[in-house]
Amino acid sequence: QKEVEQNSGPLSVPEGAIASLNCTYSDRGSQSFFWYRQYSGKSPELIMFIYSNGDKEDGRFTAQLNKASQYVSLLIRDSQPSDSATYLCAVDNFNKFYFGSGTKLNVKP
Amino acid sequence: DTAVSQTPKYLVTQMGNDKSIKCEQNLGHDTMYWYKQDSKKFLKIMFSYNNKELIINETVPNRFSPKSPDKAHLNLHINSLELGDSAVYFCASSPGTGRNSPLHFGNGTRLTVT
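Sequence lines, in order, name chains A and B.
So the first sequence is numbered by my numbering: it starts at 84 and just counts up by one.
So the second sequence is numbered by my numbering: it starts at 39 and just counts up by one.
Here it is in structure tokens:
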């Protein structure tokens, strides 16, 4: 079983819609949870992180964490074509970062 | 003023050769990593060093040898390259332990073994 699971997509949403990206993890001892965005041919860049149950908002992005269900999600409001990328979920367990295989998001104008 | 820089950006070489990738960070971070990203975009941790000491060594062939001369540098040497080593290798750093310690990635080195 993979440590971090994501739906590979592609997830297609129209411009202006809400994109919802999901991630599950297997290790209950995991401490921190990160969302990275990776454009084709580029390196992953940090969007935001969360470590407490509940929601955390940063601009158009909201991360949601449910440790009981071992579930992390990322909501992108007012999606823009420039948001089209692969979104990687990462889970930190004592400085060992495990990544999901990413969800490809396409935002259509 | 690049935060995490790695060289070279592209590396094309033949099977059996030995090659090195260099990484430097100027963020003052204590921990550095090497990750391998395959063609399916899966990022897999290879090694991690904290203040020049090896702390994570995943199941990686011993043809791969990391070296950290100081906490700002982490190099990766690969012996006897194989076709399956073709991938993008990312160096990353983080402040260290604690919850607010995300990874900061370099721009990657695309290794192609022919």
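A virtual CB, placed ideally from N, CA and C, is assigned to each residue, including glycine.
Computed from a predicted model, the values in this text were never measured in an experiment.
Problem set entry | C-alpha distance - residue 101 (chain A) paired with residue 132 (chain A), whole-angstrom precision | Locating residue 101 (chain A) in the first sequence gives position 18, where the first residue counts as 1. Locating residue 132 (chain A) in the first sequence gives position 49, where the first residue counts as 1. Distance between the alpha carbons of residue 101 (chain A) and residue 132 (chain A) is about 19 Å.
For this session: Please name the residue, chosen from A:161, A:96, A:124 and A:174, that lies closest to residue 153 (chain A) on a Cα-to-Cα basis.
Result: By 1-based counting over the first sequence, the position of residue 153 (chain A) is 70. Nearest C-alpha to residue 153 (chain A): A:174.
Exercise. Relative to chain B, which residues along the stretch 84-106 of chain A have a C-beta separation below 7 Å, given in chain order?
Worked result: none
Problem set entry | Residues bridged to residue 131 (chain A) [DSSP beta-bridge criterion] | Here the question's residue 131 (chain A) lines up with position 48 in the first sequence. Paired residue(s): A:118.
Exercise. Which first and last residues belong to the beta strand (DSSP E) in which residue 149 (chain B) is found?
Worked result: Here residue 149 (chain B) refers to the residue found at position 111 when the second sequence is read from its first residue. Run containing residue 149 (chain B): 147-151, per the beta strand (DSSP E) assignment.
Problem set entry | Straight-line Cα distance separating residue 85 (chain B) from residue 92 (chain A) | Residue numbering aside, residue 92 (chain A) sits at position 9 when the first sequence is read from its first letter. Residue numbering aside, residue 85 (chain B) sits at position 47 when the second sequence is read from its first letter. Taking the straight line from one Cα to the other gives about 29 Å.
Problem set entry | chain A contact for residue 69 (chain B) (CB, 8 Å cutoff) | For this step, residue 69 (chain B) is matched to residue 31 along the second sequence. Interface flag for residue 69 (chain B) against chain A is set, since a Cβ pair is found closer than 8 Å.
Exercise. How would you label residue 123 (chain B), buried or exposed, when you count the other beta carbons within 10 angstroms and need 16 or more for buried?
Worked result: In the second sequence, counting from the first residue as 1, residue 123 (chain B) sits at position 85. Result: buried.
For this session: Report the three-state DSSP secondary structure of residue 165 (chain A) (helix, strand or coil).
Result: Here residue 165 (chain A) is taken as the residue at index 82 of the first sequence, counted from 1. Residue 165 (chain A): helix per DSSP, three-state reduction.
Problem set entry | Spatial distance of residue 118 (chain B) from residue 66 (chain B) (CA atoms) | One-based indexing of the second sequence puts residue 118 (chain B) at position 80. One-based indexing of the second sequence puts residue 66 (chain B) at position 28. Distance between the alpha carbons of residue 118 (chain B) and residue 66 (chain B) is about 33 Å.
Exercise. Using a Cβ-Cβ distance under 8 Å, would residue 66 (chain B) count as near chain C?
Worked result: Looking at the structure shown, chain C is missing, and the protein chains on hand are A and B.
For this session: Measuring alpha carbon to alpha carbon, tell me which of A:188, A:86 and A:105 ends up nearest residue 82 (chain B).
Result: Along the second sequence, read from residue 1 onward, the residue named residue 82 (chain B) stands at position 44. Of the listed residues, the one whose Cα sits closest to residue 82 (chain B) is A:86.
For this session: Give the single residue among A:166, A:162 and A:176 whose Cα lies nearest to the Cα of residue 98 (chain A).
Result: Reading the first sequence from its first residue, position 15 is the one you call residue 98 (chain A). The option with the nearest alpha carbon to residue 98 (chain A) is A:162.
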